[in-house]
Each structure stands twice: as C-alpha cells, then as structure tokens.
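Below: one structure, written as structure tokens.
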Amino acid sequence: MKKHVVLYKELSEPLMQRLEAQTHVTLIKRLDAQGLEQLRAALPHAHGLLGASLKLDARLLDLAPKLEAVASVSVGVDNYDIDYLSKRKIQLTNTPGVLTETTADTGFALIMATARRVVELAIKVRNGQWQKNIGPEWFGTDVHGKTLGIIGMGRIGEALAQRGHFGFGMPVIYHSNSPKPAVEARFNAQYRSLNDLLQEADFICLTLPLTAQTEGLIGAQAFALMRPESIFINIARGKVVDEAAMIQALQQGQIRAAGLDVFEREPLDANSPLLHMDNVVATPHIGSATVETREAMARCAVDNLLAALAGERPANPVN
Ligand code: 8YV
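In case it helps, full-length UniProt numbering puts the sequence shown at residues 1 to 319.
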C-alpha cells in the first residue's frame with residue numbers, strides 16, 4: 001500500500017516523479033491562509049511530511065495521527081517541536097552538509113557588502129549621484145587581514161573560517177560550546193570566551209543554531225562590548241539576537257555596520273529601522289538559496305523521507 005506524503009514545498013519534476021512513483025503525493029503550493037487550510041485537511045491522511053519554514057508544533061501534529069516521518073528541507077530545526085515528535089515516535093530529518101558551502105558564501109557576501117558599502121554605493125551610482133571621483137566619505141573598510149570572529153563553530157562556521165584564513169589572510173578567533181582542536185590546527189584559529197571575542201573581532205559572525213540556550217544571546221550587553229569599527233554578521237537565526245538592542249547599537253554607533261540574512265520575524269517588516277540605515281545590508285534569508293544547493297537539499301530530504309517511510313534509518317536523523 002502506497003503511503004501518503006504531504007509536500008509544503010514544491011519539488012523539481014525529477015524529484016516529484018521519484019516521490020510519486022513510491023507514494024501518494026499531496027502538494028500544498030504555498031503556505032498562505034488557503035494553503036494552511038489545505039494542509040490541515042491533508043494531515044489526517046499523511047504518513048510523511050516534506051517542507052520547510054513551517055512551525056510544526058503539537059497543535060498541527062495532533063491533526064496527523066498516521067504521521068511517521070517529517071523531512072525538513074533545512075539544516076535548522078528550531079521550528080519543530082522535537083520532544084513532541086519523539087514522543088509520537090515521528091522521525092524528523094534535516095539536510096546538513098549539502099548547504100554548508102553555499103551558506104558560508106552568503107556569510108562572506110555579507111562581510112564584503114558591509115565592509116565595502118557595496119549596496120549603499122551601488123544605489124548611489126544607480127541614482128546618478130556619482131558625479132566626481134569619490135572621496136573619503138564613500139570609503140569602506142578592509143576585510144583582508146582583519147580579525148574574523150565566529151560564534152558557533154559547526155560546519156558553516158568552519159567553512160567561514162576556511163574562507164577567512166585561506167582567502168583573506170584573516171586571523172580567526174571563535175567561540176563554541178567546546179574547543180575545536182582540528183579547526184585550530186587547520187586555520188590557526190584560536191578559542192575565545194564570548195565576551196573576549198566580542199571585544200577583539202573586527203567581524204563578528206553568528207553561525208550557531210537557535211536553541212533555548214542561544215535565544216537572545218546577543219543583546220545590549222554584547223553589543224556594548226563590540227568596538228565602534230566592528231561589523232556584525234548574522235547568517236544563523238534572527239532570534240539569537242535582541243533585534244531592538246541591535247538597532248539601538250547601530251543607531252548609537254556602537255558598531256560600524258551589520259550584514260543580516262535572518263531576522264526575529266520574517267519577512268522583515270518594511271517599516272523596520274534596519275531597512276532605513278545605510279550601514280545595514282539586509283537579505284531575505286538567502287543563506288542556502290542557490291538553484292544547485294536547494295535542489296541538493298530537496299533531494300536529500302526526499303531520500304530521508306523515503307528511507308524513514310520504508311522503516312530504514314535515514315541518513316540525516318534529527319531525533
Ligand atoms: C532555509 C536555512 O531556511 O537550512 C536552513 O536552516 O535557514 C535555510 O537553508 C531553508 O533552507 C528553507 O528552505
């Protein structure tokens with residue numbers, strides 16, 4: 001008997017065909033109000049779920065009594081009630097590894113864009129404001145040779161360290177749950193306490209997961225430790241940061257600039273002060289968002305889901 005799978009993220013044709021060959025597939029094309037109603041109507045029949053960016057809590061899960069597996073097209077799993085999934089013996093999987101390099105590239109895109117004021121100055125050129133040879137008022141700051149501070153030394157943090165060390169000659173310092181001797185050997189990286197890193201780094205990059213322990217980790221006290229010439233980069237999760245404190249730090253010149261791919265609430269409100277500061281580069285959670293990487297993530301999620309539904313241990317179990 002073919003099992004029922006509910007997708008709330010569109011798949012490429014080859015992946016759709018693969019899934020439809022082995023399961024009955026219901027596709028929810030978008031998670032707007034109508035889509036959520038369609039999802040609620042489909043959950044009672046679902047053995048498997050595949051998608052991302054949906055808060056999957058007990059309230060929704062209780063609509064799915066037959067559910068065996070949830071395949072997330074993401075590495076972050078902060079939007080899942082993992083304890084409840086485990087209590088219900090529902091296998092959750094994610095897609096680590098395949099998105100590491102692309103997400104680290106996004107991190108460096110934000111480092112370069114903030115340090116050299118790329119967005120701000122490109123807009124000036126587009127607006128016809130480039131009327132003479134530029135002067136110091138349009139100068140940025142160097143990246144090469146500056147100290148790269150990484151908070152959270154997992155796969156993505158390591159890939160960021162690789163880019164900084166080998167690509168830009170940057171001394172690398174990091175803070176993590178525990179020292180990482182292999183990373184220190186590969187990139188001559190040095191472990192720092194969080195407070196010491198915040199005071200020392202020229203670029204402070206968040207690459208850690210959102211958990212009960214990391215929520216609100218970077219607040220007013222943290223920003224007060226940073227230097228006025230330091231640049232803050234967040235490619236982790238918005239809620240690791242007290243966004244109001246970050247806005248105040250930027251407005252008061254406690255930090256030079258911020259490159260942000262994630263926010264407390266997404267999409268970011270058009271009226272957010274963050275969108276009205278020249279020294280803020282805000283991107284719409286594009287961390288893993290390349291054609292190649294999103295296809296690789298979706299393929300990984302389909303593999304995980306089919307394995308779990310067949311009663312096998314999937315390659316990327318979360319619980
Ligand atoms: C996207 C991410 O949110 O993988 C994650 O945790 O944050 C990003 O890759 C996700 O891929 C949505 O599809």
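Ideal Cβ positions, reconstructed from N, Cα and C, are used throughout, including at glycine.
Everything numeric in this text was worked out from a predicted model, so none of it was measured.
By the Cβ test, the segment 82-97 is not in contact with the segment 135-146, since fewer than three Cβ pairs between them sit closer than 8 Å.
The C-beta distance from PRO96 to VAL75 rounds to 5 Å, short enough to meet the 8 Å contact threshold. Looking only at VAL98, LEU206 and LYS66, the smallest Cα-Cα distance to ILE150 is reached by LEU206. Contact annotation: LEU99 and ALA71 have beta-carbon atoms that are not nearer than 9 Å. Where THR100 is concerned, the enclosing alpha helix (DSSP H) starts and stops at 100-115.
In the DSSP assignment, no residue is bridged to ALA236.
When Cβ pairs closer than 8 Å are counted between the two stretches, the segment 219-238 is seen to touch the segment 246-262, the count reaching three or more.
ASN195 and ASN271 have their alpha carbons spaced roughly 32 Å apart. Between HIS276 and LYS66, the alpha-carbon positions lie close to 48 Å from each other. The closest heavy atom of the ligand 8YV lies 8 Å or more from the beta carbon of THR23.
Under DSSP, the beta-bridge partners assigned to PHE203 are LEU148 and ILE231. Contact between GLY287 and THR26 does not hold, since their C-beta atoms are separated by about 28 Å, which reaches or exceeds 8 Å. Within 8 Å of the C-beta of THR290 there is not a single heavy atom belonging to the ligand 8YV. The beta carbons of VAL302 and ARG18 sit closer together than 9 Å.
Taken atom to atom, the span from the alpha-carbon of ARG126 to that of LYS132 is near 14 Å.
For TYR174, the secondary structure class from DSSP, reduced to helix, strand or coil, is strand.
Every beta strand (DSSP E) of 3 residues or more that sits fully in the segment 21-99 is shown, in chain order, as 23-27, 48-51, 69-72 and 91-93. Contact check for SER12 against LEU31 fails: the beta carbons are separated by 9 Å or more.
If you look at ALA296, you'll find it in the alpha helix (DSSP H) that goes 291-309. Approximately 6 Å separates the beta-carbon atoms of ALA245 and PHE223; this is inside 8 Å, confirming the contact. Spanning the alpha carbons of ILE173 and GLY51 requires a straight line of approximately 35 Å.
Remark: the C-beta of VAL262 is in contact range of the ligand 8YV, defined as less than 8 Å to any heavy atom.
Residue state for VAL183 is assigned as helix, using DSSP reduced to three classes.
For the pair GLY35 and VAL6, the Cα-to-Cα distance works out to about 12 Å. For ARG192, the CB contacts under 6 Å within the same chain, skipping 5 residues up- and downstream, are ILE173 and HIS175 in chain order.
Under the three-state reduction of DSSP output, ILE255 falls in the coil class, being neither helix nor strand. Taking ASN316 as the centre and dropping the five residues before and after it, the same chain places the C-beta of THR93, ASN94, THR95, PRO96, CYS300 and ASN304 closer than 7 Å to its C-beta, in chain order.
Listed in chain order, the non-local C-beta contacts of GLY238 below 6 Å within the same chain comprise VAL262, PHE263 and GLU264, local neighbours out to five positions each way being set aside. Cβ-Cβ separation between ILE233 and GLY216: approximately 18 Å, too far for a contact (criterion under 8 Å). Setting aside the 5 residues that flank it on each side, ILE156 is surrounded in the same chain by THR100, THR103, ALA104 and THR207, each with a C-beta closer than 6 Å to its C-beta; the list follows chain order.
In this structure GLN38 is buried. Its beta-carbon is surrounded by 16 or more other beta-carbon atoms within 10 angstroms.
When the five nearest sequence neighbours on each side are left out, the beta carbons in the same chain lying within less than 6 Å of the beta carbon of LYS180 are those of MET153, in order along the chain.
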